[in-house]
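A.B. asks: In terms of UniProt numbering, the sequence shown is residues 1 to 709.
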Amino acid sequence: MPPKPIKAKAAPTSDPRKRSKRGDGDDLTEVGDGTEQDDWMQAKTLVKPDDQLELNETELKEEFTRILTANNPHAPQNIVRYSFKERQYKQTSSVDQLAVHFALDGNLLHKDSDEARRQLSRMGLSEQKEEEKEEVAEAEGGAAAEEGGEEGGAEGEGKEEGGEEGASPAPPVAKGGSKEKKLTNQFNFSDRASQTYNNPFRDRGTVTEPPPRASFASNVTQWEIFDAYQEDFEKQEKSKEKKVLPGRKEEGKTKKKFTMTETSNDDISRIESATKIVERMVNQNTYDDIAQDFKYWEDVSDEYRDQEGTLLPLWRFSFEKAKKLAITSVCWSPGYKDLFAVSCGSYDFMKQGNGLIIFWTLKNPSFPECFFEADSGVMCLDIHPQHQHYIAAGFYDGSVAVFSTVERRDGPIHRCTAKNGKHTDPVWQVRWQKDDADNNMNFYSISSDGRICLWTILKNEMVYQDVIRLCLPDVSAEGPDGIKVPTTGCGTAFDFHKQKDYLFLVGTEEGKVHICSKAYTSHFIDSIDAHNMAVYKVCWNHYHPKIFITCSADWTVKIWEMKDKMDKNEGGDDSRKPLFSFDLNNSVGDVAWSPYSSTVFAAVTSDGKAFVYDLNVNKYEPLCEQMVAQKKKTKLTHIDFNPTFPMVIVGDDRGNVISLKLSPNLRKMKAEKKGAPPVDEATKIQREVEKLEKILSMVREQPTEATAN
Numbered sequence: 001m002p003p004k005p006i007k008a009k010a011a012p013t014s015d016p017r018k019r020s021k022r023g024d025g026d027d028l029t030e031v032g033d034g035t036e037q038d039d040w041m042q043a044k045t046l047v048k049p050d051d052q053l054e055l056n057e058t059e060l061k062e063e064f065t066r067i068l069t070a071n072n073p074h075a076p077q078n079i080v081r082y083s084f085k086e087r088q089y090k091q092t093s094s095v096d097q098l099a100v101h102f103a104l105d106g107n108l109l110h111k112d113s114d115e116a117r118r119q120l121s122r123m124g125l126s127e128q129k130e131e132e133k134e135e136v137a138e139a140e141g142g143a144a145a146e147e148g149g150e151e152g153g154a155e156g157e158g159k160e161e162g163g164e165e166g167a168s169p170a171p172p173v174a175k176g177g178s179k180e181k182k183l184t185n186q187f188n189f190s191d192r193a194s195q196t197y198n199n200p201f202r203d204r205g206t207v208t209e210p211p212p213r214a215s216f217a218s219n220v221t222q223w224e225i226f227d228a229y230q231e232d233f234e235k236q237e238k239s240k241e242k243k244v245l246p247g248r249k250e251e252g253k254t255k256k257k258f259t260m261t262e263t264s265n266d267d268i269s270r271i272e273s274a275t276k277i278v279e280r281m282v283n284q285n286t287y288d289d290i291a292q293d294f295k296y297w298e299d300v301s302d303e304y305r306d307q308e309g310t311l312l313p314l315w316r317f318s319f320e321k322a323k324k325l326a327i328t329s330v331c332w333s334p335g336y337k338d339l340f341a342v343s344c345g346s347y348d349f350m351k352q353g354n355g356l357i358i359f360w361t362l363k364n365p366s367f368p369e370c371f372f373e374a375d376s377g378v379m380c381l382d383i384h385p386q387h388q389h390y391i392a393a394g395f396y397d398g399s400v401a402v403f404s405t406v407e408r409r410d411g412p413i414h415r416c417t418a419k420n421g422k423h424t425d426p427v428w429q430v431r432w433q434k435d436d437a438d439n440n441m442n443f444y445s446i447s448s449d450g451r452i453c454l455w456t457i458l459k460n461e462m463v464y465q466d467v468i469r470l471c472l473p474d475v476s477a478e479g480p481d482g483i484k485v486p487t488t489g490c491g492t493a494f495d496f497h498k499q500k501d502y503l504f505l506v507g508t509e510e511g512k513v514h515i516c517s518k519a520y521t522s523h524f525i526d527s528i529d530a531h532n533m534a535v536y537k538v539c540w541n542h543y544h545p546k547i548f549i550t551c552s553a554d555w556t557v558k559i560w561e562m563k564d565k566m567d568k569n570e571g572g573d574d575s576r577k578p579l580f581s582f583d584l585n586n587s588v589g590d591v592a593w594s595p596y597s598s599t600v601f602a603a604v605t606s607d608g609k610a611f612v613y614d615l616n617v618n619k620y621e622p623l624c625e626q627m628v629a630q631k632k633k634t635k636l637t638h639i640d641f642n643p644t645f646p647m648v649i650v651g652d653d654r655g656n657v658i659s660l661k662l663s664p665n666l667r668k669m670k671a672e673k674k675g676a677p678p679v680d681e682a683t684k685i686q687r688e689v690e691k692l693e694k695i696l697s698m699v700r701e702q703p704t705e706a707t708a709n
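(1) Kindly indicate which three-state DSSP category Glu308 falls into: helix, strand or coil?
(2) Around the C-beta of Val100, are 16 or more other C-beta atoms found within 10 angstroms, so that it is buried, or is it exposed?
(3) According to DSSP, is Lys90 part of a helix, a strand, or is it coil?
(4) In angstroms, rounded to a whole number, what distance separates the CA positions of Glu407 and Lys276?
(5) Using DSSP with H/G/I as helix, E/B as strand and the rest coil, what is Phe580?
(6) Between the Cα of Asn354 and those of Cys344, Thr286, Ile547, spot the shortest distance and give me the residue it belongs to.
(7) Which residue wins for smallest C-alpha separation from Val689, given the options Pro76, Leu615, Lys323?
(8) Reducing DSSP to helix, strand and coil, say where Ser239 ends up.
(9) So Phe601 packs on Ile525, CB below 8 Å; how close in whole Å?
(10) Judging by CA-CA distance, which residue of Cys551, Thr644, Lys632 is the nearest neighbour of residue 710?
(11) Give the C-beta separation of residue 711 and Lys434 to the nearest angstrom, bearing in mind that I take them to be a contact with Cβ-Cβ under 8 Å.
(12) Consult DSSP for Ala291 and reduce its assignment to one of helix, strand or coil.
(13) Going by alpha carbons, who is nearest to Phe340 out of Ser346, Tyr347, Trp332?
(14) Report all residues from its chain with a CB closer than 7 Å to the CB of Gln352; omit the five preceding and five following residues, and keep chain order.
(15) Can Leu505 and Trp455 be called in contact, C-beta distance under 8 Å?
(16) Taking a contact to mean a Cβ-Cβ separation below 8 Å, would you say Thr605 touches Ser587 in this structure?
(17) Starting from the Cα of Asp653, find the closest Cα among Glu625, Lys323, Trp297 and give me that residue.
(18) Straight-line CA distance for Cys453 to Pro643?
(19) On the DSSP letters alone, give me the boundaries of the beta strand (DSSP E) that Glu442 sits inside.
(20) So Glu209 is in the alpha helix (DSSP H); what residue range does that whole segment cover?
(21) For the candidate residues Met562, Arg305, Asn198, whose alpha-carbon lies nearest to that of His497?
(22) Extract the residue ranges of the beta strand (DSSP E) inside the UniProt repeat "WD" (528–570), only unbroken runs of 3 or more that lie entirely within it.
(23) Tell me Thr605's beta-bridge partners as DSSP assigns them.
(24) Could you tell me the boundaries of the alpha helix (DSSP H) in which Lys512 lies?
(25) With Ile457 as the anchor, note down where its beta strand (DSSP E) starts and where it stops.
(26) For Ser168, which residues from the same chain have a beta carbon less than 6 Å from its beta carbon, with the 5 sequence-adjacent residues on both sides left out?
(27) Terminal residues of the continuous alpha helix (DSSP H) containing Ala214?
(28) So, using beta-carbon positions, are Ile358 and Pro368 closer together than 8 Å?
(29) Are the CB atoms of Pro334 and Ile383 within a distance shorter than 8 Å?
(30) Return yes when the Cβ of Gly491 is within less than 8 Å of the Cβ of Trp428, no when it is not.
(31) Flag this pair as touching only if the stretch 311–326 and the stretch 648–663 have three or more C-beta atom pairs under 8 Å; answer yes or no.
(32) For Gln465, which residues does DSSP report across the bridge?
(33) Rounded to whole angstroms, what is the Cα-Cα separation between Val513 and Ser527?
(34) Please report the residue range of the alpha helix (DSSP H) in which residue 727 lies.
(35) Considering Glu625, what are the terminal residues of the beta strand (DSSP E) in which it resides?
(36) Would Asp436 and Arg451 be called neighbours here (beta carbons separated by less than 8 Å)?
This is the structure in structure tokens:
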């Protein structure tokens with residue numbers, strides 16, 4: 001573009017500036033007056049509101065301090081929450097002070113994003129945007145060229161004049177034939193850019209001495225693990241012996257914190273789970289041959305003998321503290337198929353001492369999973385079917401207690417005393433029942449004092465209720481002045497029905513078996529003169545609802561059938577005879593039905609033998625009669641079947657527990673047809689009931705009792 005018009009415009013404005021450069025005094029005074037500035041500056045008018053206060057100088061200089069905080073005045077300051085670490089309710093110190101007055105979710109998109117471009121293309125605005133960008137670029141190029149020409153024309157008039165002329169706006173140049181340019185911004189905003197100083201990067205390095213290293217290697221043995229457990233046990237005992245003196249609470253708190261820190265930082269507590277896994281691995285390698293036999297070995301000789309079987313000894317569980325005690329009860333865990341619990345005490349009245357509850361697992365036969373010590377002999381226990389960490393136990397001194405394997409306590413969480421229903425004689429059996437209507441756990445206990453008690457566990461206490469009192473109506477003792485005092489029966493064992501939980505059996509020292517109900521507290525549904533000596537065990541069949549088995553000190557095991565009221569009235573009590581009676585030639589300590597068959601049961605005797613019967617194969621002789629005790633004069637006290645694996649555990653009077661695997665002939669099941677669908681549980685139960693019923697129908701036809709000598 002030609003620069004001549006620009007020179008013509010700039011000529012008149014250059015004279016006053018030349019005069020000012022010559023130093024004319026009058027012109028300088030005119031600039032200093034500020035009259036020209038007043039012409040274009042906007043006048044300021046002070047507006048005073050009508051209600052403004054009139055303050056003097058002192059009041060104006062007075063200072064008022066206001067402290068602004070970020071706290072919400074409406075936020076609550078007394079929120080209390082439960083602290084699981086300290087097991088108490090504590091006030092929370094941190095309160096949320098944020099108050100949200102307005103929140104709005106926007107839906108803006110960046111114009112260069114893919115989604116924004118797709119929207120513009122759908123709306124047809126992409127081509128229009130490109131045309132506008134081209135027009136803006138051309139306009140900026142023309143303005144730059146015009147500005148360059150203006151600076152060249154004013155070069156001889158000085159730098160200041162040239163700079164001012166270059167800053168003057170150039171008229172917009174419209175492209176021929178194109179529409180007028182659209183302003184990108186409606187307001188008079190100017191874009192400015194600046195460059196900042198980038199700090200240089202500096203790398204610093206240093207060399208340190210490497211930490212010392214040492215290679216350590218060691219072999220882990222059972223003795224080292226045992227010694228580590230012993231050291232940890234001694235530390236716990238020492239921490240318990242420390243007593244806090246009265247009047248020195250702060251010192252006691254400091255000691256307590258120090259003890260907690262020491263315990264938490266102890267090596268054993270930190271690597272307890274890892275040590276337990278390593279210990280099981282070591283035991284698995286040590287007892288690898290037994291583990292292989294348990295999993296895979298089957299007695300091949302069973303194929304050549306139809307009616308005989310064997311018991312293969314597997315692991316032997318023994319504990320140092322239980323060597324002088326007898327195994328008083330055994331119980332498999334309902335939730336863990338490899339875990340079982342045993343109670344240890346003494347049946348001898350003259351040799352009473354401490355008791356034990358021991359948890360063993362098949363994965364570690366060398367040391368118990370956990371154990372509880374008691375000040376009295378533990379005569380029985382039972383594991384809760386739903387909450388497997390709760391264990392009910394009965395003691396020789398007549399008390400009952402509840403232990404928990406989850407809570408790290410050395411003693412029970414609940415225990416009865418003489419004030420709240422403690423038995424006066426040893427408790428021989430306890431059994432968990434379903435929770436009551438208020439969802440409180442409860443269990444039953446039977447003792448030699450003739451009481452069967454229901455124990456309900458509330459929040460912080462254990463409440464008892466006498467369900468029934470055993471009495472002997474035919475026998476009465478003479479008191480003072482010839483008064484007849486009713487004689488109390490001595491309960492030794494009981495068992496609840498598998499389907500009807502209100503029905504239960506009771507065995508007594510007099511040899512009687514009572515069929516009782518929870519609804520009747522004064523009389524029995526039925527009574528049977530079952531044995532001539534004390535009944536040690538009564539047990540319902542797992543499948544048949546009317547069949548139960550008993551064992552006694554009179555060397556016999558008998559199988560009975562619960563009759564209806566009409567049948568009982570027709571035959572009378574004198575005609576009650578067992579369906580089967582087996583003489584085992586010694587005192588029978590325990591008997592148990594198998595969980596996989598309705599016709600298989602096992603028993604143990606005081607001469608160290610274990611017997612396994614299958615009524616479906618032989619109704620008179622045992623399929624297996626095997627000496628289990630390794631030492632002479634060792635009595636077997638209890639036996640129990642594993643609910644999953646083909647094995648039994650047997651306890652003796654020396655504190656040992658022996659696991660035995662059943663050979664194939666002892667666990668024969670009905671063979672399923674090839675390609676047949678799997679049998680459901682209801683069909684299996686029905687088959688087992690029919691199998692036993694078929695055998696019982698043959699026995700019922702015979703008027704005499706089936707006796708095996």
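Just so you know, even glycine gets a beta-carbon here, dropped at the ideal spot from N, CA and C.
C.D. replies: Straight from the coordinates:
(1) Against the sequence shown, residue 308 aligns to sequence position 308. If DSSP states are grouped into helix, strand and coil, Glu308 belongs with coil.
(2) Translated into the one-based positions of the sequence shown, residue 100 becomes position 100. With fewer than 16 other CB atoms across the displayed protein chains lying within 10 angstroms of its CB, Val100 is exposed.
(3) Walking along the sequence shown from the start, residue 90 turns up at place 90. The three-state secondary structure of Lys90, taken from DSSP, is strand.
(4) Taking the first residue of the sequence shown as 1, we reach residue 407 at position 407. Taking the first residue of the sequence shown as 1, we reach residue 276 at position 276. For Glu407 and Lys276, the distance between alpha carbons rounds to 19 Å.
(5) In the sequence shown, counting from the first residue as 1, residue 580 sits at position 580. DSSP places Phe580 in strand when its eight states are reduced to three.
(6) Within the sequence shown, residue 354 is the residue found at index 354, counting from 1. Of all alpha-carbon atoms in Cys344, Thr286, Ile547, the one lying nearest the alpha-carbon of Asn354 is that of Cys344.
(7) For the purposes of this step, residue 689 is taken as residue 689 along the sequence shown, with counting starting at 1. Out of Pro76, Leu615, Lys323, Leu615 has the C-alpha closest to the C-alpha of Val689.
(8) Position 239 of the sequence shown, counted from the start, is the residue given in the question as residue 239. Three-state DSSP puts Ser239 in a helix.
(9) Here residue 601 corresponds to residue number 601 of the sequence shown, with the count starting at 1. Here residue 525 corresponds to residue number 525 of the sequence shown, with the count starting at 1. Rounded to whole angstroms, the Cβ separation of Phe601 and Ile525 is 24 Å, and the two are not in contact under 8 Å.
(10) Residue 710 is absent from the model: the chain starts at 1 and stops at 709.
(11) No statement about residue 711 is possible, as the shown extent of the chain runs from 1 to 709 and does not include it.
(12) By one-based count along the sequence shown, residue 291 stands at place 291. It is helical.
(13) Along the sequence shown, read from residue 1 onward, the residue named residue 340 stands at position 340. For the options Ser346, Tyr347, Trp332, the alpha carbon positioned closest to that of Phe340 is the one of Trp332.
(14) Residue mapping note: residue 352 aligns to position 352 of the sequence shown, counting from 1. In its chain, beyond the 5 residues on either side, Ser346, Gly377, Tyr396 have a beta carbon closer than 7 Å to the beta carbon of Gln352.
(15) To locate residue 505, count along the sequence shown from 1; it is residue 505. To locate residue 455, count along the sequence shown from 1; it is residue 455. Going by beta carbons, Leu505 and Trp455 fall outside the 8 Å limit.
(16) The residue you call residue 605 lines up with position 605 of the sequence shown. The residue you call residue 587 lines up with position 587 of the sequence shown. Yes.
(17) Stepping through the sequence shown from its first residue, residue 653 is reached at position 653. When each option's Cα is compared against that of Asp653, the closest is Lys323.
(18) Numbered from 1 along the sequence shown, position 453 holds the residue referred to as residue 453. Numbered from 1 along the sequence shown, position 643 holds the residue referred to as residue 643. Their backbone Cα atoms lie some 28 Å apart in a straight line.
(19) Indexing the sequence shown from 1 puts residue 442 at position 442. One detail in the question is off: residue 442 reads as Asn in this sequence, not Glu. It spans 442–447 - the beta strand (DSSP E) in which Asn442 sits, taken as one unbroken run.
(20) Translated into positions along the sequence shown, residue 209 becomes position 209. That residue, Glu209, is in no alpha helix (DSSP H); it is neither H nor E in DSSP.
(21) Along the sequence shown, read from residue 1 onward, the residue named residue 497 stands at position 497. Checked all of Met562, Arg305, Asn198; the closest Cα to His497 is Met562.
(22) Runs of the beta strand (DSSP E) spanning 3 or more residues and lying entirely within the UniProt repeat "WD" (528–570) occur at 535–540, 547–552, 556–561, in chain order.
(23) Counting from one through the sequence shown, the residue named residue 605 turns up at place 605. Looking at the DSSP assignment, Thr605 forms a beta bridge with Val588.
(24) Position 512 of the sequence shown, counting from 1, holds the residue named residue 512. Bounds of any alpha helix (DSSP H) do not take in Lys512; it lies within the beta strand (DSSP E) bounded by 512–517.
(25) As a working mapping, residue 457 is identified with position 457 in the sequence shown. Counting along the chain, the beta strand (DSSP E) containing Ile457 begins and ends at 451–457.
(26) Against the sequence shown, residue 168 aligns to sequence position 168. Model confidence at Ser168 stands at a pLDDT of 44, short of 50, so the residue's coordinates are unreliable and nothing is read from them.
(27) Counting from 1 along the sequence shown, the entry for residue 214 is found at position 214. Here Ala214 belongs to no alpha helix (DSSP H), and DSSP marks it neither H nor E.
(28) Here residue 358 corresponds to residue number 358 of the sequence shown, with the count starting at 1. Here residue 368 corresponds to residue number 368 of the sequence shown, with the count starting at 1. Contact: yes.
(29) Position 383 of the sequence shown holds residue 383. Position 334 of the sequence shown holds residue 334. With contacts defined as CB atoms closer than 8 Å, Ile383 and Pro334 qualify as a contacting pair.
(30) Against the sequence shown, residue 428 aligns to sequence position 428. Against the sequence shown, residue 491 aligns to sequence position 491. Against a cut-off of 8 Å, the Cβ pair of Gly491 and Trp428 comes out as a contact.
(31) The way I'd put it, the stretch 311–326 does touch the stretch 648–663; three or more beta-carbon pairs between them come closer than 8 Å.
(32) Here residue 465 corresponds to residue number 465 of the sequence shown, with the count starting at 1. Gln465 pairs with Leu454.
(33) As a working mapping, residue 513 is identified with position 513 in the sequence shown. As a working mapping, residue 527 is identified with position 527 in the sequence shown. A direct Cα-to-Cα measurement between Val513 and Ser527 gives close to 6 Å.
(34) Lying before the first or after the last residue shown, residue 727 is absent from the chain, which here runs from 1 to 709.
(35) On the sequence shown, residue 625 is found 625 positions in, with the first residue counted as 1. Counting along the chain, the beta strand (DSSP E) containing Glu625 begins and ends at 624–627.
(36) Sequence index remark: in the sequence shown, residue 436 carries index 436 (1-based). Sequence index remark: in the sequence shown, residue 451 carries index 451 (1-based). No, the Cβ-Cβ distance between Asp436 and Arg451 is not below 8 Å.
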